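Per my numbering, residue 1 is the first one in the sequence shown, and the count goes up by one each step.
Virtual Cβ for every residue (Gly too), placed ideally from N, Cα, C.
These numbers were taken from a predicted model, which means no experiment stands behind them.
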Amino acid sequence: MNIIRNLLNRYVYQDWNIAIADIADDLSPVNIKWMKHSYHDRWFADPFIVDETDENYIILVEECMLDTQKGRLARLTVTKDDCKLVKNETILDLPTHLSFPNIIQVNGQTYMYPENGKARNTKLYKYGKTVELCGKLSSLPLADATIFKYEDSFYMLFTIGENCNGNILQIYRSNQPLSGYISHQEIKFDDNIARRAGNIFTWKGHLISPAQVCSHNYGEGVSFQEISFTGDKIQLNEIKRLYPPTKMYSEGFHTFNVFGDKVVIDGYRYGSKFLHDLYFKIRG
Numbered sequence: 001m002n003i004i005r006n007l008l009n010r011y012v013y014q015d016w017n018i019a020i021a022d023i024a025d026d027l028s029p030v031n032i033k034w035m036k037h038s039y040h041d042r043w044f045a046d047p048f049i050v051d052e053t054d055e056n057y058i059i060l061v062e063e064c065m066l067d068t069q070k071g072r073l074a075r076l077t078v079t080k081d082d083c084k085l086v087k088n089e090t091i092l093d094l095p096t097h098l099s100f101p102n103i104i105q106v107n108g109q110t111y112m113y114p115e116n117g118k119a120r121n122t123k124l125y126k127y128g129k130t131v132e133l134c135g136k137l138s139s140l141p142l143a144d145a146t147i148f149k150y151e152d153s154f155y156m157l158f159t160i161g162e163n164c165n166g167n168i169l170q171i172y173r174s175n176q177p178l179s180g181y182i183s184h185q186e187i188k189f190d191d192n193i194a195r196r197a198g199n200i201f202t203w204k205g206h207l208i209s210p211a212q213v214c215s216h217n218y219g220e221g222v223s224f225q226e227i228s229f230t231g232d233k234i235q236l237n238e239i240k241r242l243y244p245p246t247k248m249y250s251e252g253f254h255t256f257n258v259f260g261d262k263v264v265i266d267g268y269r270y271g272s273k274f275l276h277d278l279y280f281k282i283r284g
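In structure tokens:
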């Protein structure tokens, strides 16, 4: 069984990695530097830059161990000049799968609200040298949730419906950043671009919400959706789609998080696309 598992991990299943890039005028990631590391028993995805020094970026990620196919959360120290992993710290490891370690700053304190669907709720953690459980963001298992404050008046939380890779976006609203979210609006897309791909950012004076394209496969690419308001209701207008920007990780990417003038992305590949397709064809 160990031999079979190792072969599946090496040739059939997805192999993810993260990268730092500049942002071109059309939102495309350019001058992409994929992270260099020596691990063969895990992969990294869902990156969020949480801090930086003169030499390094500090990045929160999902770290998936191949032997269990279960994600945990790690803090990576990655050099700016050559994108080399120099430090890897596990910051949260639970019996259930963890991913999408999103963060929000409130009154100078950073909080983390990762995805943990098997827990059937969404917990809130104080982030620092360590992470400390401090409550619940929601009693619902919010997948790939992202929060933003609208014009210093109220908070909006974007997440997805029961079909995680489907076409229905759920929007919640609260007057407080860390609690009190109630259902506010539902947006239905024509195809599967409801799942969020990172935090909302400003581009050329427009609010942009990145989303995952999952119409044919999970994490095919990223949909950029401009946010506008009619009263307190949101409209999302897709302005662009991007697909894998390099040949190195050419099968898909599903995270686009802006940090200053940089963006952190992820991407995946297969050890053998032929064996991947053959395996899943046999399995049906």
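Through-space distance from residue j to residue i, alpha-carbon basis
i    : j    : result
H37  : G128 : 24 Å
A211 : N192 : 10 Å
Y155 : M1   : 49 Å
D81  : E55  : 8 Å
D152 : Y39  : 44 Å
A145 : N165 : 13 Å
Q235 : K204 : 18 Å
K262 : Y57  : 11 Å
K70  : V264 : 22 Å
H276 : L60  : 29 Å
D26  : K233 : 27 Å
E89  : T230 : 44 Å
L140 : L169 : 15 Å
N17  : A45  : 6 Å
N6   : D67  : 8 Å
S228 : Q109 : 29 Å
P245 : Q14  : 17 Å
M248 : G180 : 43 Å
C64  : E251 : 18 Å
As assigned by DSSP and simplified to three states, the class of residue i
i    : result
L275 : helix
G231 : coil
A19  : strand
K118 : helix
Y11  : helix
F189 : coil
R173 : strand
N163 : coil
P283 : In the sequence on display, residue 283 carries Arg and not Pro. R283: helix per DSSP, three-state reduction.
R5   : helix
Those residues which DSSP pairs with residue i across a bridge
i    : result
H206 : W203
T255 : Per DSSP, none; premise fails for T255.
F154 : Y150
M112 : I103, Y125
A211 : R196, S223
P29  : I23
Cutoff 6 Å; reference residue i; Cβ partners in own chain excluding five residues on either side
i    : result
G198 : P210, T255, F256, N257
N175 : F154
Extent of the continuous beta strand (DSSP E) to which residue i belongs
i    : result
L124 : 122-127
Y270 : 262-270
S138 : 131-138
C64  : 56-65
L73  : 70-79
P47  : 42-52
P244 : Note, P244: premise wrong, no beta strand (DSSP E); not H, not E.
Neighbourhood of residue i by C-beta distance below 7 Å, restricted to the same chain and skipping five residues each side
i    : result
E162 : none
T79  : E55, N56, V86
S272 : Y11
Any chain D beta carbon closer than 8 Å to residue i
i   : result
V78 : The structure shown contains no chain D; it is built from a single protein chain.
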